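Peer 1: One structure is given below, represented as structure tokens, and several questions about it will come after.
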Amino acid sequence: MIYPSIQDPTGIAAATRAADAEALAAAGTFGAALQASPEFVALLAADAAISTDAAATAAIGAFGTRQTELRTEAMMGVLTATQRADLERLQAAMLAVPSIASYVAATAAFQSVCRETAAVVSAQIGIDFAANCRSGGGCCG
1 MIYPSIQDPT
11 GIAAATRAAD
21 AEALAAAGTF
31 GAALQASPEF
41 VALLAADAAI
51 STDAAATAAI
61 GAFGTRQTEL
71 RTEAMMGVLT
81 ATQRADLERL
91 QAAMLAVPSI
101 ASYVAATAAF
111 QSVCRETAAV
121 VSAQIGIDFA
131 ANCRSGGGCC
141 G
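As structure tokens, then:
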């Protein structure tokens, strides 16, 4: 028997192009649905709120500055109890800002949606979708 690719290479190429087009269309539909989800809309709103909130900007700046100052000590594992307490205090103050708390909650909710959708995709394709998409971070992990 002759292999199909030898018998009809243009037919296989056309089928591959059609499958690719179908996958891209489905991905576009999926992306649009994800973008329209209440969780994503809430995340965008929370992000916009932080960008216009002076208290949030100040708290993020204070925490980030102190974290940068102590980066070497933290990497080497030699933070003093006072330094650790200072970082924790600044982080708690930052997370207490209402717009930041809303952003953290919105991020967690959207990550949950991403994990749920990754599970559905994994079940459909028979492999761990999130593990195969991971590149050092992201919502699916």
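Residue numbers (the numbering used here): 1 to 141.
For glycine and all other residues, C-beta sits at the position ideal for the given N, C-alpha and C.
Note that the structure is a prediction, hence the values are computed from the model and not measured.
#1: Can you tell me which of the three DSSP states M1 falls into?
#2: Could you give the uninterrupted runs of the alpha helix (DSSP H) lying entirely in the stretch 91–125, keeping only those of 4 residues or more?
#3: Helix or strand or just coil, what does DSSP make of A23?
#4: Once the 5 residues before and after F63 are set aside, which same chain residues still bring their CB inside 7 Å of it?
#5: Are the CB atoms of A59 and A106 nearer to each other than 8 Å?
#6: Applying the 10 Å Cβ sphere with the 16-neighbour rule, what's the burial state of C133?
Peer 2: Per the coordinate set shown:
#1: Model confidence at M1 stands at a pLDDT of 47, short of 50, so the residue's coordinates are unreliable; what they give is reported in the following sentence. Residue state, collapsed to three classes: coil.
#2: For the stretch 91–125, the full-length alpha helix (DSSP H) segments reaching 4 residues or more read 98–125 along the chain.
#3: Here A23 sits in helix by DSSP.
#4: L90, Q91 and M94
#5: no
#6: By the 16-neighbour rule on beta-carbons within 10 angstroms, C133 is exposed.
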